[in-house]
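J.:
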Amino acid sequence: MSNQTTLSIELQTSTQPSSPPSTTGSSSIRSSIPSLPPELPLTLEEVEKKPWKYIGYRGYADFIASENDFYIVRRFAALNTRAALALQDRVSVLEEQLEELDRTYNRRDAVDVHNGSFRDDQEERSELMCEIVEALTKSHLVAKLRDGIDAFMLQQAELKKFPQAARQDLKSVQNWHYNHGGHAISPEEQTYLTHSLDVFSVVPKEKAPLRRLLDRSRTFRISSVLKLAVITVFVVVFLGLVSYATVAKPFETLAATAAYSAVLMVFLQLGSPNGGNV
């Protein structure tokens with residue numbers, strides 16, 4: 319009997335769940351964050367009253383990340399141009415100083431120095447050359463980036479290739495601020511959207527010339543009747559081309575036309591509110 323009791327005690331002890339391994343070292347940062355008590359979901363009134371607290375940059379970043387067209391930033395064209403001119407002028411001043419030294423050492427009445435050697439060069443010219451190299455490769459005007467003037471120019475050339483942000487995309491981002499009372503983000507930090515000629519799309523979307531032309535038309539974007547008229551015209555033209563330019567059977571022509579109409583409806587976003595505007 320005592321053996322059975324001992325065995326049952328051992329079985330009960332062995333089946334108890336073991337403690338999880340210690341993770342003190344790997345979660346020191348997490349453990350330093352105090353656990354917050356659960357709270358009731360926010361009401362719409364609370365969010366509308368304090369959007370800067372409950373939405374802020376977290377909500378703004380989520381909105382921007384939801385669509386590539388909304389990823390709009392400034393290129394600071396004027397500032398970048400001014401920085402490039404400053405870099406150019408700094409190197410030009412050093413170049414003039416080097417040319418003056420070269421003329422001095424080339425004079426007949428000057429001390430004979432070896433003008434064809436960097437290793438045995440004069441200390442003054444050697445130091446000037448070091449300044450020139452530093453200006454060309456590690457300019458202090460862009461010390462944070464550690465780019466030289468050549469890299470800076472190449473960067474600007476690549477930046478110029480990005481197209482200007484589309485007007486309707488810029489308007490959509492501005493509408494987001496308007497829909498949140500204009501206070502979800504500090505008003506001073508929204509002013510970049512007012513520089514319509516200086517903002518560009520980081521992830522530009524390729525659009526056909528006709529689509530770009532239609533997108534520029536505010537009337538077209540807000541008028542469902544006009545969109546329906548455009549769809550009707552294109553469907554009729556497509557039906558005529560398929561009927562007279564191919565040997566397709568009538569039901570094949572109708573099927574192709576129906577598919578084309580469906581594509582046009584999606585492409586022009588006829589059923590979306592406000593013409594697809596956010």
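For what it's worth, our numbering labels the leading residue of the sequence shown as 319, then goes sequentially. The C-beta atom is built at its ideal place from N, Cα and C for all residues, glycine as well. Remember, predicted model here, so these are calculated numbers, not experimental data.
Going by DSSP, name the residue or residues bridged to R408.
T.: Paired residues: none, contrary to the question.
J.: Who are the Cβ neighbours of S514 in its own chain at under 7 Å, not counting the five residues just before and after it?
T.: Answer for S514: L488, listed in chain order.
J.: From which residue to which residue does the alpha helix (DSSP H) around R437 run?
T.: Unbroken run through R437: none, as it is neither H nor E.
J.: Considering just the uninterrupted stretch of the beta strand (DSSP E) at R392, what are its terminal residues?
T.: I390 to R392
J.: Please classify K545: is it buried, with 16 or more other beta-carbons within 10 angstroms of its beta-carbon, or exposed?
T.: buried
J.: What's the gap between the Cα of V560 and the Cα of S519?
T.: 38 Å
J.: Is P355 buried or exposed, if buried means 16 or more other CB atoms sit within 10 Å of its CB?
T.: With fewer than 16 other CB atoms across the displayed protein chains lying within 10 angstroms of its CB, P355 is exposed.
J.: Please name the residue or residues paired with S519 in a DSSP beta bridge.
T.: I390
J.: What does the alpha-carbon distance come out to for the pair K523 and A483?
T.: 10 Å
J.: Please report the straight-line C-alpha distance between P359 and W370, rounded to a whole angstrom.
T.: 17 Å
J.: Can you give the Cα-Cα distance for E507 and N493, rounded to whole angstroms?
T.: 15 Å
J.: Rounded to whole angstroms, what's the CA-CA distance from N433 to R408? Just pull it up for me.
T.: Each residue's Cα considered, the two are about 24 Å apart.
J.: Count the other C-beta atoms from every protein chain shown that fall within 10 angstroms of the C-beta of V521, then say buried if there are 16 or more, exposed otherwise.
T.: exposed
J.: For L412 and T455, what's the separation of their Cα atoms in angstroms?
T.: For L412 and T455, the distance between alpha carbons rounds to 14 Å.
J.: Does the Cβ-Cβ distance between R400 and D516 come in under 8 Å?
T.: no
J.: With a threshold of 16 other CB atoms inside 10 Å of the CB of R464, please say whether the residue is buried or exposed.
T.: With a pLDDT of 46 at R464, under the threshold of 50, the modelled position of this residue cannot be trusted; read the value that follows with caution. Exposed is the label assigned to R464, since fewer than 16 other Cβ atoms lie within 10 Å of its Cβ.
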